[in-house]
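Chains as they are written, first to last, in our numbering: chain A, 24 to 374; chain B, 24 to 374.
The beta carbon of each residue, even a glycine, is placed where N, CA and C say it ideally should be.
Before any comments, here is the structure.
2 protein chains.
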Amino acid sequence: MKKNLVVIGYGGMGGWHVDHALKSDVVNLLGIYDIKKERCDLARSKGIFAYDSLEEVLSDPKVDMVTVAIPNDSHKEVVVKALNAGKNVLCEKPVAMNLAELDEMIAAAKKNGKIFSVHQNRRFDVDFLAMKELNDSGDIGELINIESRIHGSRGIPSDWRGEKEHGGGMLLDWGVHLIDQILQIITTGITKVYCEFDHITNKEVDDGIKLTIMFEDGKKAYVEVGTYNFIDLPRFYLRAKNGTAQIRDWREKCKVVKCKHWHESEVVPVETAAGLTKTMAPRDSITVDTYEMERPASDVHDYYRNFVKAIDGTAAQLVTHTQMRRVMKVMEAAFKSDELGQVVDFDDSDN
Amino acid sequence: MKKNLVVIGYGGMGGWHVDHALKSDVVNLLGIYDIKKERCDLARSKGIFAYDSLEEVLSDPKVDMVTVAIPNDSHKEVVVKALNAGKNVLCEKPVAMNLAELDEMIAAAKKNGKIFSVHQNRRFDVDFLAMKELNDSGDIGELINIESRIHGSRGIPSDWRGEKEHGGGMLLDWGVHLIDQILQIITTGITKVYCEFDHITNKEVDDGIKLTIMFEDGKKAYVEVGTYNFIDLPRFYLRAKNGTAQIRDWREKCKVVKCKHWHESEVVPVETAAGLTKTMAPRDSITVDTYEMERPASDVHDYYRNFVKAIDGTAAQLVTHTQMRRVMKVMEAAFKSDELGQVVDFDDSDN
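So this is what it looks like as structure tokens:
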């Protein structure tokens, strides 16, 4: 049976959740609530029911679950209230401003026996899924390092996303997705984190990040978010023991160059601009296979489908509390690293 | 008048210098010397005179200059001997194993009043020259950061370049060029260095580097050398206040996207794989100009031309002792950073 949903916050992502819910086979949109009256009026003008207050939403016994899509600094208060009111809660990312807030939210979920998760919709990104599929298949061997980049050129949005007190900044915005994706690909323990922030269009919050995550087995991940990049670098780049993979753009397929033979009978040095090089001479088709992967199938509706199954107890929730805490801890380590200008140790023992 | 040259070491780069000298309008190749008899025989078989010993070269009064192209750990001994014998010395890179060695070599040059420099031939690379030209022109404004990458997929060569005692490793091999280029583009003081080494095909020496150089005015440079990259990332990537530039491959032109107007009247959010984004929405031609730069003219023969002029006192030497020391100091800081796993401070006060 469909679960009755109210979307709290009717801004950009709130609107996305509403549109999504209207097409969903697992939820039934009861309505929305937004702290701004004009947003409620906008919903009503589209024929969507709007509650007059958060209390009205939470005291409505028909409501099974709420989706929280409001500025980051308000997540904790609203989420905890909703959980205490016996509602299941799906929260937009980043789920919290810090680990202490998140732990309060998790405690409220456990106390009330309700499902609480974060909307990591980018687990359904086809580019990420292709990288994960390639890595899990072992087709080019064990991963050495992976690089995940997202580049725009508009600076940081001029709304609350540019203000520290509201949880602005690109680490909390896009970083949270890219980190979550990486931790789905590399599953070993994290040992160290190094991060440098950009402050090109905004001095208060980071408008770009360059984050390195080091793992106990020597694997490394690099996550880059840029909002001042008028040319974009490839979305994903992965080196493994037997080859390299790249996704240039999220619209494109994953290109794989797999090494069949390490040695060639002879390597002809190539002349480069002002000198010659044997080390950097390109390989030919004798020693490598080049192919494109088929794009994996993906349906972002599976996120709500899983959430509803989790409420019914017929599936484990896709994005677990442990995963939410771990991503938050990486972000806290990244903030600390940038502040200190140093590599920081990461304690992964409680995960 | 042409200067009489002897090339010491007749391996890969020694052979390059010989071929180059045979076409030069400023040097006259007297011959070569190699510690291995078979290399001397090879030279003779090609009609090139080969000396029987280093002493024979250095005691030959006809010799104006020597080019030293031997394994890195032998540079200092041979260079100092040659300078003390009154020869001008052009040394292959890296000029020395460490700063202490280099300072001995510089002292010998000063004591004997001879020209001593390092063969930074990659100052004549057209890709580097395009980046420098763009930056110096100010066409896209002040530089924010620059990334310089060179990728191969053959691992580290199996000769002395794979052995620590002979000065192997990619930092000393390709890193030395890329660092020198960067310091020609960003000319402010260095404050910090962070470096991570690869050890994929070789445990003894680095077979790849990821090096960040931080400057006092906030500019940053990233230098990456990879020998296990079956797909290569762009050769150069530069972000400036008014745009971005990229050179995909040293054979290609520099692509520039210049921002004409920061704001657009309206930004239409784009749907990405599993969500929508306004921040990362691409720009259209209303706000940016996209163009390709003409490839700068370059003639690597200008290196020897400058060297000969420096001997004659009619030009300053292109690659100065200060520049050589600074590049060496960055490499020493990079070794230290990788060893400590930390960002290290850089003292640029003596440069």
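- The Cβ atoms of A/D126 and A/R348 sit closer than 9 Å to each other.
- Runs of the beta strand (DSSP E) spanning 3 or more residues and lying entirely within the segment 57 to 106 of chain B occur at 88 to 91, in chain order.
- Collapsing the DSSP output to three states places A/I163 in coil.
- With a 10 Å radius around the Cβ and a threshold of 16 neighbouring Cβ atoms, A/G266 comes out buried.
- Here B/F253 is buried. Its C-beta has 16 or more other C-beta atoms within 10 Å.
- Boundaries of the beta strand (DSSP E) harbouring A/V280: K278 to C282, taken from the DSSP string.
- Taking the CA atoms as reference points, B/G70 sits about 11 Å from B/I55.
- Annotation: B/F238 is outside any alpha helix (DSSP H); the continuous beta strand (DSSP E) that includes it extends over G231 to F238.
- Taking C-beta atoms as the reference points, A/F259 and A/E315 fail to come closer than 9 Å.
- From the listed residues A/T224, A/G249, A/L201 and A/E227, the smallest Cα separation to A/I236 is found for A/L201.
- In this structure B/F72 is exposed. Its beta-carbon is surrounded by fewer than 16 other beta-carbon atoms within 10 angstroms.
- When 7 Å is used as the limit between beta carbons, B/P180 is near these residues of chain A: K301 and T302, in chain order.
- Using a CB distance cut-off of 9 Å, A/N252 counts as an interface residue toward chain B.
- DSSP places A/A268 in the uninterrupted beta strand (DSSP E) bounded by G266 to I270.
- If you compare the alpha carbons of A/V279, A/T313, A/K278 and A/D83 with that of A/L53, the shortest gap goes to A/D83.
- Here B/G178 is not bridged, per DSSP, to any residue.
- Listed as beta-bridge partners of B/Y245 by DSSP are B/E170 and B/T235.
- Not one beta carbon of chain A lies nearer than 9 Å to the beta carbon of B/Y327.
- Counting of Cβ neighbours within 10 angstroms places A/W39 among the buried residues, the total reaching 16 or more.
- Taking the Cα of A/N144 as reference, the smallest distance to any Cα among A/E355, A/S160, A/K134 and A/K116 is reached at A/K116.
- Residues of the segment 141 to 175 of chain B with a Cβ closer than 8 Å to any Cβ of chain A, in chain order: N144, R145, R146, F147, D148, V149, D150, F151, I167, I173, H174 and G175.
- Looking at the backbone, the Cα of B/V118 and that of A/V118 are separated by about 53 Å.
- Neighbours of B/G266 across chain A, judged by C-beta separation under 8 Å: F253.
- Using a CB distance cut-off of 9 Å, B/D64 does not count as an interface residue toward chain A.
- Selection A/V311, A/D48 and A/V29 evaluated against B/S176 yields A/V311 as nearest (Cα-Cα).
- Among the residues facing chain A, B/I309 is not included, as its CB has no counterpart in that chain under 9 Å away.
- Scanning its chain for C-beta atoms nearer than 7 Å, with the 5 sequence neighbours on each side dropped, one finds around B/M193 the residues I179, D229, D230, G231, I232, V248 and T250, in chain order.
- Cβ contact annotation for A/H98 (same chain, cutoff 7 Å, sequence separation greater than five): V91, C114, V118 and A119, in chain order.
- Counting the other Cβ atoms within 10 Å of the Cβ of B/K104 gives 16 or more, which makes it buried.
- A distance below 7 Å between beta-carbons, with the five flanking residues on each side excluded, links A/V199 to the following residues of its chain, in chain order: K116, P117, V350 and M354.
- B/K110 is classed as buried because its beta carbon has at least 16 other beta carbons within 10 Å across all chains shown.
- Distances from the alpha-carbon of B/K264 to those of B/K283, B/Q365 and B/W273 put B/K283 closest.
- Around the C-beta of A/T302, 16 or more other C-beta atoms lie within 10 Å, and the residue is accordingly described as buried.
- Here A/I309 is exposed, its C-beta having fewer than 16 other C-beta atoms within 10 Å.
- According to the DSSP secondary-structure assignment, B/A263 is paired through a beta bridge with B/L166 and B/G266.
- B/G190 is positioned such that its CB atom lies closer than 9 Å to that of B/N95.
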